[in-house]
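Colleague: Residue numbers (the numbering used here): 64 to 297.
Glycine residues also receive a C-beta, built at the ideal position from the N, C-alpha and C atoms.
Given the structure is predicted, the values throughout are model-derived calculations rather than measurements.
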Ligand SMILES: Nc1ncnc2c1ncn2[C@@H]1O[C@H](COP(=O)(O)OP(=O)(O)OP(=O)(O)O)[C@@H](O)[C@H]1O
Ligand SMILES: [Mg+2]
């Protein structure tokens, strides 16, 4: 459903992405791993239309999207849950969630979708009137994920959902990601938690200094010496 073909991207004169090609198929969990500063966020920002590649092609569901604005890409069914959550701190949980449903395609069904999000994250139903800034880190991540789901996506790009969270909440996050896949939503997941990510993902790509250096089935990558040394501490 997502095809990235030979893209290059720059910040000013500095090249951040070098000839990146990757695919995500329907209902797949695909992981992107790499050290701090490797370019993971840059890559997903380019896919979701926040940055423009200088060359190459990005297709989503058979449509070229690298020249579209972000909101049009969301309308097509791609949702980007950004690094650092990016909530509206002085708005309530419910208002934050509703901000995810602003596209024409989903606005009319927003009450139904909101109920589905509350079923997935019951704590958010209980806290729907609370200001986002007063939530715990785990609850804030749930709002970010819930907001991303309000656009009824076919593909969710999730940038470091477990960052800064306690292990038990991280476990919960991975559980939710698994349940999204069983609902038929494809996931492109960026994570520092490489062991757990490879256990849940079908396939993975490894990014280093803006270049993809390795790709394959997660089960094969877990056995790779380079992955063991660099990411699994073995
Ligand atoms: N807005 C920007 N302007 C200039 N350089 C940037 C900008 N954003 C990121 N960079 C640079 O691009 C490179 C890749 O950054 P990016 O945030 O994509 O890495 P990352 O893999 O997501 O890292 P992390 O794991 O820390 O989130 C880094 O060298 C960073 O300094
Ligand atoms: Mg990042």
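I'd like the span of the alpha helix (DSSP H) that includes residue 255, first residue to last.
Modeller: Your numbering for residue 255 matches position 192 in the chain shown. Taken as a continuous stretch (DSSP letters only), residue 255 belongs to no alpha helix (DSSP H), as it is neither H nor E.
Colleague: Using beta-carbon positions only, say whether residue 206 and residue 150 come within less than 7 Å of one another.
Modeller: For this step, residue 206 is matched to residue 143 along the chain shown. For this step, residue 150 is matched to residue 87 along the chain shown. Going by C-beta atoms, residue 206 is nearer than 7 Å to residue 150.
Colleague: Terminal residues of the continuous alpha helix (DSSP H) containing residue 202?
Modeller: In the chain shown, counting from the first residue as 1, residue 202 sits at position 139. Residues 200-212.
Colleague: Output the boundary residues of the beta strand (DSSP E) element that contains residue 183.
Modeller: To locate residue 183, count along the chain shown from 1; it is residue 120. Note, residue 183: premise wrong, no beta strand (DSSP E); alpha helix (DSSP H) at 173-183.
Colleague: Have a look at residue 246 and residue 215 and give me their C-alpha separation to the nearest angstrom.
Modeller: Here residue 246 corresponds to residue number 183 of the chain shown, with the count starting at 1. Here residue 215 corresponds to residue number 152 of the chain shown, with the count starting at 1. Rounded to the nearest angstrom, the two C-alpha atoms are 11 Å apart.
Colleague: Is the beta carbon of residue 267 closer than 7 Å to that of residue 90?
Modeller: Mapped onto the chain shown, residue 90 falls at position 27. Mapped onto the chain shown, residue 267 falls at position 204. Contact: no.
Colleague: Let me have the residue list for ligand 1: C-beta closer than 6 Å to any non-hydrogen atom, ordered along the chain.
Modeller: Those residues are 74, 79, 97, 99, 100, 101, 102, 103, 104, 105 and 146, given in chain order.
Colleague: For residue 199 and residue 193, what's the separation of their Cα atoms in angstroms?
Modeller: Working through the chain shown from its first residue, we reach residue 199 at position 136. Working through the chain shown from its first residue, we reach residue 193 at position 130. Taking the straight line from one Cα to the other gives about 11 Å.
Colleague: Along the beta strand (DSSP E) that carries residue 79, what are the first and last residues, could you check?
Modeller: Residue numbering aside, residue 79 sits at position 16 when the chain shown is read from its first letter. Taken as a continuous stretch (DSSP letters only), the beta strand (DSSP E) holding residue 79 covers 77-87.
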